[in-house]
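Working notes, structure below.
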Amino acid sequence: MKPGTVVLLGPQGTTPDIGAVLADHGIRGPVALVRAGYQEREAEDEAMKASFGMPAVNLDLHKRSVEVFRGDPDFTVAYQARQQRLRHMQTFYRVRLDKIEDAARTVSVRYVEPELLAQEEKVSVDQFRHLDADHVERCDALRAAFARNWRLSDRPLIARHREEIRAILATCEALVIAGGHVASLLNRLALFDVLQLAAAKPVFAWAAGAMVLTDRIVLFHDYPPYGSDIAQVLDAGLGLARGVVVLPDPRRRINMDARGGIQRFARRMAPATCVAMEHGSRMTFELGVLVRASAARLTTTGEVEAGWKGSPSRFSSPVIGSRR
Amino acid sequence: MIGRAITALEAGPRTREAVDAFFAGHSFPIVDGSSITFVWRGDAEAVHLKHWVFGLPSSQQLSRVEHTDVWHLTLQLPPGSRVEYKLEVVRNGHGEWRQDPLNSNLARDPFGANSVAHGTGYEIPSWIHHDPTAAKGHRDEIWIESNTFGRRGFGLYVPARFQRNRQYPLLVVHDGHDYIRYASMHSVLDNLIDRLEIADAIVVFTSSPNRLGEYADDPRHAKFLVEELVPFVERLFPLDTQPQSRCLMGASFGGVATLSTAARYPGFFGRLLLQSGSFAFTDIGDRNHRGPLFDPVVAFMNRFRAEPAPVSERVFVSCGMYESLIYENRSLVPLLLSTGMDVRYVEARDGHNWENWRDRLREGLSWLMPGPFLHVYE
Numbered sequence: 001m002k003p004g005t006v007v008l009l010g011p012q013g014t015t016p017d018i019g020a021v022l023a024d025h026g027i028r029g030p031v032a033l034v035r036a037g038y039q040e041r042e043a044e045d046e047a048m049k050a051s052f053g054m055p056a057v058n059l060d061l062h063k064r065s066v067e068v069f070r071g072d073p074d075f076t077v078a079y080q081a082r083q084q085r086l087r088h089m090q091t092f093y094r095v096r097l098d099k100i101e102d103a104a105r106t107v108s109v110r111y112v113e114p115e116l117l118a119q120e121e122k123v124s125v126d127q128f129r130h131l132d133a134d135h136v137e138r139c140d141a142l143r144a145a146f147a148r149n150w151r152l153s154d155r156p157l158i159a160r161h162r163e164e165i166r167a168i169l170a171t172c173e174a175l176v177i178a179g180g181h182v183a184s185l186l187n188r189l190a191l192f193d194v195l196q197l198a199a200a201k202p203v204f205a206w207a208a209g210a211m212v213l214t215d216r217i218v219l220f221h222d223y224p225p226y227g228s229d230i231a232q233v234l235d236a237g238l239g240l241a242r243g244v245v246v247l248p249d250p251r252r253r254i255n256m257d258a259r260g261g262i263q264r265f266a267r268r269m270a271p272a273t274c275v276a277m278e279h280g281s282r283m284t285f286e287l288g289v290l291v292r293a294s295a296a297r298l299t300t301t302g303e304v305e306a307g308w309k310g311s312p313s314r315f316s317s318p319v320i321g322s323r324r
Numbered sequence: 001m002i003g004r005a006i007t008a009l010e011a012g013p014r015t016r017e018a019v020d021a022f023f024a025g026h027s028f029p030i031v032d033g034s035s036i037t038f039v040w041r042g043d044a045e046a047v048h049l050k051h052w053v054f055g056l057p058s059s060q061q062l063s064r065v066e067h068t069d070v071w072h073l074t075l076q077l078p079p080g081s082r083v084e085y086k087l088e089v090v091r092n093g094h095g096e097w098r099q100d101p102l103n104s105n106l107a108r109d110p111f112g113a114n115s116v117a118h119g120t121g122y123e124i125p126s127w128i129h130h131d132p133t134a135a136k137g138h139r140d141e142i143w144i145e146s147n148t149f150g151r152r153g154f155g156l157y158v159p160a161r162f163q164r165n166r167q168y169p170l171l172v173v174h175d176g177h178d179y180i181r182y183a184s185m186h187s188v189l190d191n192l193i194d195r196l197e198i199a200d201a202i203v204v205f206t207s208s209p210n211r212l213g214e215y216a217d218d219p220r221h222a223k224f225l226v227e228e229l230v231p232f233v234e235r236l237f238p239l240d241t242q243p244q245s246r247c248l249m250g251a252s253f254g255g256v257a258t259l260s261t262a263a264r265y266p267g268f269f270g271r272l273l274l275q276s277g278s279f280a281f282t283d284i285g286d287r288n289h290r291g292p293l294f295d296p297v298v299a300f301m302n303r304f305r306a307e308p309a310p311v312s313e314r315v316f317v318s319c320g321m322y323e324s325l326i327y328e329n330r331s332l333v334p335l336l337l338s339t340g341m342d343v344r345y346v347e348a349r350d351g352h353n354w355e356n357w358r359d360r361l362r363e364g365l366s367w368l369m370p371g372p373f374l375h376v377y378e
């Protein structure tokens, strides 16, 4: 297996395929498991480990983070303040998304020549793109400033946990990242710098685990309990799998019949490829580049291209200006 | 307007056997597309349908199928409707209100129980029922020694998996005990939290012995909530004290109490859920046709309408289309929006009743206090 290989999978559900995927790649274990997305249920890992068919060690990132927060109160206060600020920024970004959506809808129903409406639609998409990009940039800047101010590697408790994680990873053949709460997962992986510690070991991840490895994490749900919602960028991801937006569990979360919605979303995310990952889907990256896939792709013409193999398809992504 | 089932009955022999067969062959009231037929069987001088659908006569007489003891009335009922009603049976010149004996659907409220008609497409939400697989929150009764109101009890809901080292949002519910009794609120909270649709929250259920007085913009009520009750609960539990993590809600006069408390303490509650609020107002003069109980409400609403202010951040408003208060609630929405607050408004084909308020809880609470469902991908 090539160094730097990353394999992203769809949700595991009740019939996990992670064991078969690990075996396909010649992994015999032990593997290191990240279950921080399950938060307080992190330790309830027996069934998951059993599905691997090989020895696995839980890195206990959530538990370790609780220890850090208890043992390093100054850092914790600052960390919580950063998280609160990120939440506020997310809320304000979300408010602005609504306004752009309103404007796009208002313009789109005007009785003018179709060619002008098509131009206006591009303007609307561009506004979404700029807002998304600004949001990620501001989140990045906040995280970077926090890292500069607090020099995580110098905090004794964090450093100790990082060393312990490094030691465990040294005994493992691969890193496996389960799904769960995507923000919680992202924060714990970053806090302990797990990907850096894993060096070039192969990484297998699914659902939220797959989302955090891309360069942009997008939250989405076409059927929220409050009626309707717009997809929103949460933050930059960890960037091991570039050029894709991972959309797990699309059957439950995406209105696949809404061609206009899919089209606008795919254009908004372009040139990244929007990949809908059901159970059984797979994408393989080598050194950050997608080499093969077995998933569905949302196209910029509003189609769902089932059986997408990861190669260029007949649908092309338009290049739309971005500040990034 | 006569329903098809009645037309068929009238076209037949009208024997006891035929009538028995008619009753055995239908469920009641008979819903047929967008029409509904109420039926009663028995001897009477008259039978009336009594309901609370604003816009229709509140009492309508049923007709008798000649040579039978079958009474019927067919009305138009738009899809998705839910209507509470009783039948008034007049005998010896005396009318008696009773539940429809042919309909087992009942809705309870503090005054008893009404029969319920479900229009085509209305479904009782699945998330209101006790779900044995959902983790159960714990409920308790607590007492507070209030400087404002003396000794007062309130209900308290603590979510399953509560942990002292976490911070929780707070939801304060006016007429809270009625929400538990008549709007299945304990099960609703358990289910919506378990489904990750609303945040794990500490919930306080308040009740007042004088709700029509205290809820009508009484400054003592707002002071009690903000200066006594919430700080008291904050001493008991690890609560997030940011406005975004405090939600206040209520229905009817409880909706007025919610908005007026927010107006008296702007920014304290960052989330408001207003259900069928009794937001009576006048455009000229200060007397409202609803009577003197509403006078303080009218005074408050007229002041708020004159100078609307962003008293909270996010407000969810719901009202039934069949309520007399629909005009007041519809009027409130653009006013709230004009302040810059984030506002959502939903209408339902329902009346001023607890099951209407129950049915809107998922939509309202999940928007005001969202759980992690948007962040969880397993």
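These protein sequence lines are chains A and B, in that order.
Going by the working numbering, the first residue of the first sequence is number 1, and it counts up by one from there.
Going by the working numbering, the first residue of the second sequence is number 1, and it counts up by one from there.
Glycine included, each C-beta is placed from N, C-alpha and C at the ideal position.
- Beta-carbon proximity list for B:Arg305, same chain, < 7 Å, skipping 5 on both sides: For the purposes of this step, residue 305 of chain B is taken as the residue at position 305 of the second sequence. Phe281 and Leu335.
- Proximal residues of chain A, C-beta to C-beta of B:Leu362 below 9 Å: In the second sequence, the residue the question calls residue 362 of chain B occupies position 362. Reading off the sequence, residue 362 of chain B comes out as Arg, not Leu. When 9 Å is used as the limit between beta carbons, B:Arg362 is near these residues of chain A: Pro225 and Tyr226, in chain order.
- Item | Proximal residues of chain A, C-beta to C-beta of B:Asp342 below 7 Å | Position 342 of the second sequence, counted from the first residue, corresponds to residue 342 of chain B. Result: Val95.
- Query: Is there at least one Cβ from chain A nearer than 8 Å to B:Ser318's Cβ?
  - Reply: Indexing the second sequence from 1 puts residue 318 of chain B at position 318. It does not; no Cβ of chain A falls within 8 Å.
- Beta-bridge partners of B:Tyr85, as assigned by DSSP: Start at 1 with the first residue of the second sequence, and residue 85 of chain B comes out as number 85. BP columns for B:Tyr85 point to B:His51 and B:Ser115.
- Query: Excluding five sequence neighbours on each side, which residues of the same chain lie with their C-beta closer than 8 Å to the C-beta of A:Val136?
  - Reply: Walking along the first sequence from the start, residue 136 of chain A turns up at place 136. Excluding residues up to 5 positions away in sequence, Arg216, Val233, Asp235, Ala236 and Arg324 lie with their Cβ nearer than 8 Å to the Cβ of A:Val136 in the same chain.
- Message: Going by beta-carbon coordinates alone, are B:Leu365 and B:Leu192 separated by less than 8 Å?
- Response: Here residue 365 of chain B refers to the residue found at position 365 of the second sequence. Here residue 192 of chain B refers to the residue found at position 192 of the second sequence. Yes, Cβ-Cβ distance for B:Leu365 and B:Leu192 is below 8 Å.
- Message: Threshold first: 3 residues or longer. Then list the beta strand (DSSP E) segments lying entirely within the segment 299 to 373 of chain B, N to C.
- Response: The qualifying runs are 314 to 320 and 342 to 348.
- Which word fits A:Ser316, buried or exposed, when buried means at least 16 other C-beta atoms lie within 10 angstroms of its C-beta? Taking the first sequence and counting its residues from 1, one reaches residue 316 of chain A at position 316. Interpretation of A:Ser316 is limited by its pLDDT of 44, a score under 50 that renders its predicted location unreliable; no figure is taken from the coordinates.
- Query: Alpha carbon to alpha carbon, how far is B:Ile36 from B:Ser81?
  - Reply: What you label residue 36 of chain B is simply residue 36 of the second sequence in a count that begins at 1. What you label residue 81 of chain B is simply residue 81 of the second sequence in a count that begins at 1. Each residue's alpha carbon lies about 11 Å from the other.
- Do the CB positions of A:Phe265 and A:Leu298 come within less than 8 Å of each other? Locating residue 265 of chain A in the first sequence gives position 265, where the first residue counts as 1. Locating residue 298 of chain A in the first sequence gives position 298, where the first residue counts as 1. When the beta-carbon positions are compared, A:Phe265 and A:Leu298 come within less than 8 Å of each other.
- How many angstroms separate the CA atom of A:Arg166 from the CA atom of B:Arg195? If you number the first sequence from 1, residue 166 of chain A lands on position 166. If you number the second sequence from 1, residue 195 of chain B lands on position 195. The alpha-carbon atoms of A:Arg166 and B:Arg195 are separated by roughly 36 Å.
- Message: So with CB distances below 8 Å, who are the chain B contacts of A:Val182?
- Response: Taking the first residue of the first sequence as 1, we reach residue 182 of chain A at position 182. For A:Val182, the neighbours in chain B by C-beta distance under 8 Å run, in chain order, His375, Val376 and Tyr377.
- What's the C-alpha gap between A:Ser332 and A:Asp222? In the structure as shown, chain A starts at 1 and stops at 324, and residue 332 of chain A therefore has no counterpart that could be examined.
- Under a CB-based cut-off of 8 Å, is B:Ser278 close to chain A? Start at 1 with the first residue of the second sequence, and residue 278 of chain B comes out as number 278. Answer no: the Cβ-Cβ gap between B:Ser278 and chain A never drops below 8 Å.
- Query: Where does A:Arg64 land, buried or exposed, given buried means 16+ other C-beta within 10 angstroms?
  - Reply: On the first sequence, position 64 is the one that residue 64 of chain A refers to. Counting of Cβ neighbours within 10 angstroms places A:Arg64 among the buried residues, the total reaching 16 or more.
- Query: Using a C-beta to C-beta distance shorter than 8 Å, which residues of chain B count as neighbours of A:Glu42?
  - Reply: Looking up residue 42 of chain A in the first sequence gives position 42. Chain B residues near A:Glu42: none, gap ~13 Å exceeds 8 Å.
- Cα-Cα separation between B:Lys50 and B:Leu87, rounded to whole angstroms: The residue given as residue 50 of chain B occupies position 50 in the second sequence. The residue given as residue 87 of chain B occupies position 87 in the second sequence. Their backbone Cα atoms lie some 6 Å apart in a straight line.
- Query: What residues in the segment 197 to 214 of chain A have a beta carbon less than 9 Å from any beta carbon of chain B?
  - Reply: So the list reads Trp206, Ala207, Ala208, Gly209, Ala210 and Met211, given in the order they occur along the chain.
- Task: Return helix, strand or coil for A:Ile320, following the three-state DSSP convention.
- Result: Translated into the one-based positions of the first sequence, residue 320 of chain A becomes position 320. With a pLDDT of only 35 at A:Ile320, under 50, the local geometry of the prediction cannot be trusted, and the value read off the model is given with reservation. The answer is coil: DSSP assigns A:Ile320 none of H, G, I, E or B.
- Task: Counting only the same chain and skipping the five closest in sequence on each side, list residues whose C-beta sits under 6 Å from that of B:Ser252.
- Result: On the second sequence, residue 252 of chain B is found 252 positions in, with the first residue counted as 1. If we look at B:Ser252 and ignore the five residues flanking it on each side, its Cβ neighbours are Ser276 and Ser278.
- Counted within 10 angstroms of its Cβ, other Cβ atoms place A:Ala293 as buried (16 or more) or exposed: Residue numbering aside, residue 293 of chain A sits at position 293 when the first sequence is read from its first letter. A:Ala293 should be labelled buried.
- How would you write the range of the beta strand (DSSP E) that A:Asn58 sits in, first residue to last? The sequence position of residue 58 of chain A within the first sequence is 58, counting from 1. DSSP places A:Asn58 in the uninterrupted beta strand (DSSP E) bounded by Ala56 to Asn58.
- Item | Stretch-stretch touch, CB-based, cutoff 8 Å, three pairs: the segment 149 to 156 of chain A with the segment 4 to 15 of chain A | Too few Cβ pairs lie closer than 8 Å, so no.
- Nearest-angstrom Cα distance between A:Phe69 and A:Arg87? Here the question's residue 69 of chain A lines up with position 69 in the first sequence. Here the question's residue 87 of chain A lines up with position 87 in the first sequence. If you take the alpha carbons of A:Phe69 and A:Arg87, they lie about 19 Å apart.
- Assigned secondary structure, A:Leu240 (DSSP; H/G/I helix, E/B strand, else coil): Position 240 of the first sequence, counting from 1, holds the residue named residue 240 of chain A. Note: A:Leu240 maps to coil in three-state DSSP.
- What is the rounded straight-line gap between the Cα of B:His26 and the Cα of B:Leu189? Taking the second sequence and counting its residues from 1, one reaches residue 26 of chain B at position 26. Taking the second sequence and counting its residues from 1, one reaches residue 189 of chain B at position 189. Going by the C-alpha atoms only, they are around 36 Å apart.
- Query: For B:Asp32, which residues does DSSP report across the bridge?
  - Reply: Counting from 1 along the second sequence, the entry for residue 32 of chain B is found at position 32. Bridge partners of B:Asp32 according to DSSP: B:Ser35.
- Is there at least one non-hydrogen atom of the ligand FMN closer than 7 Å to the beta-carbon of A:Arg253? Absent from the structure shown: the ligand FMN. Ligands present: none.
- Task: Take the Cβ of B:Gly267 as the centre, count every other Cβ of all protein chains shown within 10 Å, and call the residue buried at 16 or more, exposed below.
- Result: Working through the second sequence from its first residue, we reach residue 267 of chain B at position 267. With fewer than 16 other Cβ atoms inside 10 Å of its own Cβ, B:Gly267 counts as exposed.
- Task: Starting from the C-beta of B:Arg360, find all residues in its chain whose C-beta is less than 8 Å away, skip the five residues before and the five after it, and write them out in chain order.
- Result: Residue mapping note: residue 360 of chain B aligns to position 360 of the second sequence, counting from 1. The residues are Gln275, Ser318, Val346 and Ala348.
- Is A:Thr300 buried or exposed, if buried means 16 or more other CB atoms sit within 10 Å of its CB? For the purposes of this step, residue 300 of chain A is identified with residue 300 of the first sequence, where counting begins at 1. Looking at its Cβ environment, which holds 16 or more other Cβ atoms inside 10 Å, A:Thr300 is buried.
- Kindly indicate which three-state DSSP category B:Leu212 falls into: helix, strand or coil? If you number the second sequence from 1, residue 212 of chain B lands on position 212. Here B:Leu212 sits in helix by DSSP.
- Message: Check whether the segment 170 to 182 of chain B and the segment 197 to 207 of chain B touch, using three or more Cβ-Cβ pairs below 8 Å as the test.
- Response: Result yes; three or more Cβ-Cβ pairs closer than 8 Å.
- Given 8 Å, three or more beta-carbon pairs between the segment 99 to 115 of chain B and the segment 56 to 73 of chain B: No: fewer than three Cβ pairs fall under 8 Å.
- beta strand (DSSP E) runs wholly inside the segment 148 to 227 of chain A, at least 3 long, in chain order: Qualifying beta strand (DSSP E) stretches, in chain order: 174 to 177, 203 to 206 and 216 to 219.
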